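Residue numbers for the sequence shown follow the working numbering, beginning at 89 and rising by one. Beta carbons: idealized from backbone N, C-alpha and C, even for Gly. The structure displayed is predicted, hence computed values, not measured ones. Below: one structure, written as structure tokens.
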Amino acid sequence: MTSVPSSLDRQRGQIIRELACVTRRAGEELHGTAEITPEMHVPGTDILRTSVLATWADIVAGLLASLVMGPRVPVTLELDVNLYRPAPSAGTVHAVGKVVKVGRSVFVAEFEFSIDAAPIAVGAASFMVAPNPDVQLPPTLTIELPPTPDRLPVPLAERARCERLSPGKVVLPHSIEALNASDTINGGLIALAAEEAVLSLAPGDTLSFLGLRYLLGARVGPIIASARLHEGLGRVELRDTGNDNRLTTLATARTFGR
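Right under this line is the structure:
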């Protein structure tokens with residue numbers, strides 16, 4: 089008997105799908121493409137968010153990890169994105185993901201981003217399997233994501249209900265639309281909260297670097313991101329207030345300092 093996905097299943101991860109990353113295999117690599125839209129810009133600028141690049145990187149690298157770790161769910165341990173210059177405002181971003189290491193417990197991939205063959209960013213990500221063996225990838229999972237009509241209807245932070253509470257402090261609520269396959273808040277939206285916390289201390293600026301260390305899955309929420317910034321270098325703690333205020337993620341960021 090064929091099972092029919094529930095409305096909750098269809099909503100899960102919807103925000104990430106609206107970033108519309110399309111992927112295809114190319115030999116040992118995984119290639120991705122995505123169109124920049126104004127809803128992906130840093131507030132007050134016409135520049136693509138670094139957290140959007142981090143989300144696309146997590147998709148490409150995570151799909152590569154699923155080939156090795158499936159049917160277990162891969163979870164992100166670390167991810168970093170380094171930009172050569174402020175990201176563009178429009179165009180089609182091309183991503184190339186490559187396997188770096190397949191270990192007994194950790195998988196590592198690297199990625200490059202470009203527009204019209206001009207490099208814009210590089211980075212790497214590492215993964216482990218989700219601790220709960222009952223969490224499994226769907227049997228129909230494919231690493232080739234097809235085009236989707238879904239697009240962000242409003243700016244990304246507004247869509248995720250990621251709100252700046254005060255300079256250096258941001259709240260990201262729990263939502264079924266924000267969850268990944270392991271039922272935790274998607275790492276790309278954690279990256280968004282970290283970016284917002286830093287940029288709330290540097291209005292009009294953008295990030296040249298964003299690095300994240302995922303320590304614990306954000307299961308309950310809301311997540312509070314608290315940042316401090318000194319001479320363009322930011323440090324962010326993200327805590328799950330609904331789970332005894334446990335530290336879920338540490339992030340480091342650097343601004344372009346325009």
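Beta-carbon separation (whole angstroms), residue i vs residue j, contact threshold 8 angstroms
i: LEU167; j: LEU300; result: 5 angstroms
i: GLY305; j: SER270; result: 6 angstroms
i: GLY345; j: GLY322; result: About 11 angstroms; that fails the 8 angstroms criterion.
i: LEU287; j: ALA248; result: Between ALA248 and LEU287 the Cβ distance is about 15 angstroms, and since that is not below 8 angstroms, they are no contact.
i: LEU295; j: ARG342; result: 7 angstroms
i: MET128; j: VAL140; result: 5 angstroms
i: VAL217; j: ARG160; result: 4 angstroms
i: ALA175; j: LEU136; result: 4 angstroms
i: GLY185; j: LEU118; result: 4 angstroms
i: VAL188; j: LEU298; result: Not a contact, Cβ separation roughly 19 angstroms.
i: VAL190; j: VAL163; result: Wrong, their Cβ atoms sit about 16 angstroms apart, outside the cutoff.
Residue i beta carbon near the ligand GDP (any heavy atom closer than 7 angstroms)
i: GLY320; result: The ligand content of the structure shown is nil, which means the ligand GDP is not present either.
Residue i, DSSP secondary structure in three states
i: VAL286; result: helix
i: GLY354; result: Examination of residue 354 is not possible in this model, given that the chain is present from 89 through 346 alone.
i: THR337; result: strand
i: ARG105; result: helix
i: SER154; result: helix
i: GLU166; result: strand
i: GLY299; result: strand
i: LEU304; result: coil
i: GLU127; result: helix
i: GLY275; result: helix
i: ILE135; result: coil
i: VAL194; result: coil
i: THR111; result: strand
i: GLU117; result: strand
i: ALA315; result: strand
i: ALA206; result: strand
i: VAL259; result: strand
i: ALA266; result: helix
i: VAL161; result: coil
i: ASP293; result: coil
i: VAL148; result: helix
i: VAL223; result: coil
i: ALA142; result: helix
i: ALA213; result: strand
i: ALA122; result: strand
Neighbour-count burial assignment, residue i, 16 or more Cβ in a 10 Å radius
i: THR336; result: buried
i: TYR302; result: buried
i: SER214; result: buried
i: GLU106; result: buried
i: SER254; result: exposed
i: GLU232; result: exposed
i: SER154; result: buried
i: ALA212; result: buried
i: GLU284; result: buried
i: ASN268; result: buried
i: GLY132; result: exposed
i: ALA205; result: exposed
i: ASP134; result: exposed
i: ASN274; result: buried
i: ARG316; result: exposed
i: ARG100; result: buried
i: ALA114; result: exposed
i: ARG192; result: exposed
i: ARG327; result: buried
i: ASP238; result: exposed
i: VAL242; result: exposed
### Message
Ignoring anything shorter than 3 residues, give me the beta strand (DSSP E) runs that lie fully in the stretch 226-254, in order along the chain.
### Response
Runs of the beta strand (DSSP E) spanning 3 or more residues and lying entirely within the stretch 226-254 occur at 251-254, in chain order.
### Query
Is it true that the stretch 256-265 meets the stretch 308-322, where meeting means three or more beta-carbon pairs spaced less than 8 angstroms apart?
Output reads yes: the stretch 308-322 touches the stretch 256-265.
### Message
With three or more C-beta pairs closer than 8 angstroms as the rule, is the stretch 119-136 touching the stretch 176-186?
### Response
At 8 angstroms Cβ cutoff, the stretches touch.
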